[in-house]
Structure formats: structure tokens, C-alpha cells
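Numbering (the working numbering), first residue to last: 43 to 138.
Note that beta-carbon positions come from the ideal geometry of N, C-alpha and C, so glycine has one too.
For reference, the structure is listed below as C-alpha cells.
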């Protein structure tokens with residue numbers, strides 16, 4: 043092969059899973075909005091706790107579309123892990 047053969051053949055650009063990263067950051071933001079920071083005592087609806095999980099799963103779908111299986115796995119686990127960390131942190135800080 044000559045230099046001209048290499049110059050004509052360009053590798054496809056690797057796409058980054060930006061949508062996955064954005065959804066993972068949104069999941070963090072939602073988790074920070076879940077605790078009752080004002081101390082009003084009002085409870086959040088139970089379905090609100092599913093939002094970080096859904097964001098993680100949607101991010102996993104975007105990662106799979108761009109052929110990033112490791113990012114898909116990380117994003118899928120991310121929502122579940124964030125909820126568990128939130129529950130443990132609230133329990134340790136305010137008690138059962």
C-alpha cells in the first residue's frame with residue numbers, strides 16, 4: 043500500500059456517548075432534588091424515585107446505539123446505584 047491509499051482511506055470517527063453522559067448527569071441532579079432540603083416534612087411520590095433509574099436506562103439505550111457497551115452497562119447501573127447511595131446517606135444522616 044502506498045501513502046495515497048492510506049490518505050484516501052479514512053477511519054470512521056468514533057462517536058462519543060454524549061447523550062449518555064448528559065443523562066447520567068441529569069440523574070445526579072434528580073437525586074439531589076429528592077431529599078426534603080427545606081424540612082417541610084412533605085413526602086415525595088414514590089414514582090419520583092424511578093426517574094434516575096429511567097434516565098440511566100435511557101442513557102444505556104443511547105450508548106448501545108453508538109456501540110459503547112461498557113458505557114451502556116455503566117449507565118444502566120448508575121441509576122440504581124444513585125438511589126441506593128441516596129437511601130444509605132439519608133439513613134446515616136437522619137436515622138431510620
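Worksheet entry | residue 70, enclosing alpha helix (DSSP H) - first and last residue | 60-75 is the span of the alpha helix (DSSP H), which, as asked, contains residue 70.
Worksheet entry | Beta carbon of residue 76 nearer than 9 Å to that of residue 128 | Yes, the Cβ-Cβ distance between residue 76 and residue 128 is below 9 Å.
Practice prompt. With distances taken Cα to Cα, identify the nearest neighbour of residue 94 among 130, 103, 116 and 65.
Written response: The option with the nearest alpha carbon to residue 94 is 65.
Fill in: Through-space distance from residue 104 to residue 79, alpha-carbon basis
Whole-angstrom Cα-Cα distance: 32 Å.
Worksheet entry | Contact set for residue 102: own chain, Cβ-Cβ below 6 Å, skip 5 residues either direction | Cβ within range, chain order: 114, 117 and 118.
Worksheet item: How big is the Cα-Cα spacing for residue 136 and residue 99?
Response: Whole-angstrom Cα-Cα distance: 30 Å.
Discussion item. Please state whether the Cβ-Cβ distance between residue 69 and residue 124 is less than 9 Å.
Written reply: For residue 69 and residue 124, yes; Cβs fall inside 9 Å.
Discussion item. For residue 126 and residue 132, I'd like the C-alpha separation in whole angstroms.
Written reply: Going from the Cα of residue 126 to the Cα of residue 132 covers about 10 Å.
Fill in: Best match in 107, 92 and 109 for proximity to residue 120 [C-alpha to C-alpha]
Among 107, 92 and 109, the Cα nearest to that of residue 120 belongs to 92.
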